[in-house]
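For reference, the structure is listed below as structure tokens.
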Amino acid sequence: MAFAASALGCGGGSTPTARDPSEAAAAMPLRPLPVSEADFAERTYQLLLDGEPSAERQNLLAGVVRRQLERAQARFTHGSDAAGLRALLGAFLLVRGGEFHPDLVAGSEKALWSGAREVSRLGHEGYAVALYSLLRRQLAEGPARAEVEEHLAAIEEFSRATRRGGPLEAASSEARVALQRALLEPTEEALTSARERLVAWVRGALEANSGEQALRSEFDQDETYEAYRALRGGTFALVALYLRHGDASGALTALQQAELERLFPPELAEQLERAADDRDADAWLQIFRLFESAAESGSS
6 MAFAASALGC
16 GGGSTPTARD
26 PSEAAAAMPL
36 RPLPVSEADF
46 AERTYQLLLD
56 GEPSAERQNL
66 LAGVVRRQLE
76 RAQARFTHGS
86 DAAGLRALLG
96 AFLLVRGGEF
106 HPDLVAGSEK
116 ALWSGAREVS
126 RLGHEGYAVA
136 LYSLLRRQLA
146 EGPARAEVEE
156 HLAAIEEFSR
166 ATRRGGPLEA
176 ASSEARVALQ
186 RALLEPTEEA
196 LTSARERLVA
206 WVRGALEANS
216 GEQALRSEFD
226 QDETYEAYRA
236 LRGGTFALVA
246 LYLRHGDASG
256 ALTALQQAEL
266 ERLFPPELAE
276 QLERAADDRD
286 ADAWLQIFRL
296 FESAAESGSS
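FYI, the numbering for the sequence shown is 6 to 305, going by the working numbering.
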């Protein structure tokens, strides 16, 4: 998933979603499985071992996520902000598409506040939007919720005020923020926004690249560089958005509906098909290695 962020500098038919949205599971009442510090590792391993949607998984997920958020807040309380943030991000990365339930984070407002302030301090707009959005869902009308809404409005205003350059630079910035948000916030709204902005970025690069106009200024050079980055890494970021949810099939569908398959390496597309059709463990390993190689070449 690191390449998805690095690629951004940090259609018709049915809409692809991360895995089966499992709306029924997300709507049912949760019965979180009690998870103590002593059995946290074992329960987390159990969660990672079987990703099939079920009521049992949902209840186990709720117990593990709540425990991890408690661990995150303990680190924030002791002044270990970096460790607290890592723990908090880890909690949400356990949640796949269609699994988010408001009660997953019930009682975790302090951890969300601490995390939102820390990512804001670090300048991670997308993560800040994700955490403040999750926090807003937990708060009743009142001063605390109003403060959260003020933070979200301030982030939007800051992003608008600092956006410079041409249309491709703007599209890149919007895609980066949306992708950050979607990697952390496991909601359909966040996923759809990230997909649409990534596709717009890459399509804008294709249109700019087809113009073949001579460079006339530094502005043109910046836009050309943005087009190069989009064409080189945009489809990787789009696929990574779905792989974050273990959804190889959704990644392929997103590429096909956006008509961007030709920009994606055939050998990686083949591994995605194997992972989607056969649930082939070796295919997932090859996908990891190919993404790792792409990330290394992108940073060199």
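Glycine residues also receive a C-beta, built at the ideal position from the N, C-alpha and C atoms.
None of these values were measured; they are calculated from a predicted model.
Bounding residues of the alpha helix (DSSP H) (the contiguous stretch that carries residue i)
{"i": "Ser125", "result": "114-127"}
{"i": "His156", "result": "148-167"}
{"i": "Glu278", "result": "271-283"}
{"i": "Ser177", "result": "172-189"}
{"i": "Arg91", "result": "86-98"}
{"i": "Ala133", "result": "130-143"}
Exposure of residue i, with buried meaning 16 or more beta-carbon neighbours within 10 Å
{"i": "Ala245", "result": "buried"}
{"i": "Leu243", "result": "buried"}
{"i": "Phe293", "result": "exposed"}
{"i": "Tyr50", "result": "exposed"}
{"i": "Pro107", "result": "exposed"}
{"i": "Ala209", "result": "Checking the sequence, you will find Gly at residue 209 rather than Ala. Result: buried."}
{"i": "Leu203", "result": "buried"}
{"i": "His156", "result": "buried"}
{"i": "Ser125", "result": "buried"}
{"i": "Phe296", "result": "buried"}
{"i": "Tyr233", "result": "exposed"}
{"i": "Ala145", "result": "exposed"}
{"i": "Arg186", "result": "buried"}
{"i": "Gln73", "result": "buried"}
{"i": "Asp252", "result": "buried"}
{"i": "Arg36", "result": "exposed"}
{"i": "Leu54", "result": "exposed"}
{"i": "Glu161", "result": "exposed"}
{"i": "Tyr230", "result": "exposed"}
As assigned by DSSP and simplified to three states, the class of residue i
{"i": "Gly239", "result": "helix"}
{"i": "Ser254", "result": "helix"}
{"i": "Arg321", "result": "Residue 321 cannot be examined here, being either before or after the span of the chain that is shown, 6 to 305."}
{"i": "Gly103", "result": "coil"}
{"i": "Gly56", "result": "coil"}
{"i": "Glu194", "result": "helix"}
{"i": "Val207", "result": "helix"}
{"i": "Val244", "result": "helix"}
{"i": "Ala10", "result": "The predicted model places Ala10 with a pLDDT of 45, which falls under 50 and marks its position as unreliable, so this point remains unresolved."}
{"i": "Leu268", "result": "helix"}
{"i": "Ala299", "result": "helix"}
{"i": "Arg249", "result": "coil"}
{"i": "Ser41", "result": "coil"}
{"i": "Arg76", "result": "helix"}
{"i": "Arg36", "result": "coil"}
{"i": "Arg24", "result": "Model confidence at Arg24 stands at a pLDDT of 47, short of 50, so the residue's coordinates are unreliable; what they give is reported in the following sentence. Coil."}
{"i": "Ala259", "result": "helix"}
{"i": "Ala111", "result": "coil"}
{"i": "Leu220", "result": "In this prediction, Leu220 has a pLDDT of 44, which is less than 50 and means its spatial position is unreliable; what the coordinates show is noted afterwards. Correct three-state label for Leu220: coil."}
Any C-beta of chain B under 8 Å from that of residue i
{"i": "Pro270", "result": "Of the protein chains in this structure there is only one, and it is not chain B."}
- Query: Counting Cβ pairs closer than 8 Å, one from the region 121-137 and one from the region 183-194, do we hit at least three?
  - Reply: yes
- Message: Any contact between the region 63-70 and the region 78-90? By contact I mean 3 or more CB pairs, one from each, below 8 Å.
- Response: no
- Kindly confirm or deny that the region 148-168 and the region 90-100 touch, where touching means at least three C-beta pairs closer than 8 Å. no
- Item | Inter-stretch contact at 8 Å, needing at least 3 Cβ pairs: the region 251-266 / the region 277-290 | yes
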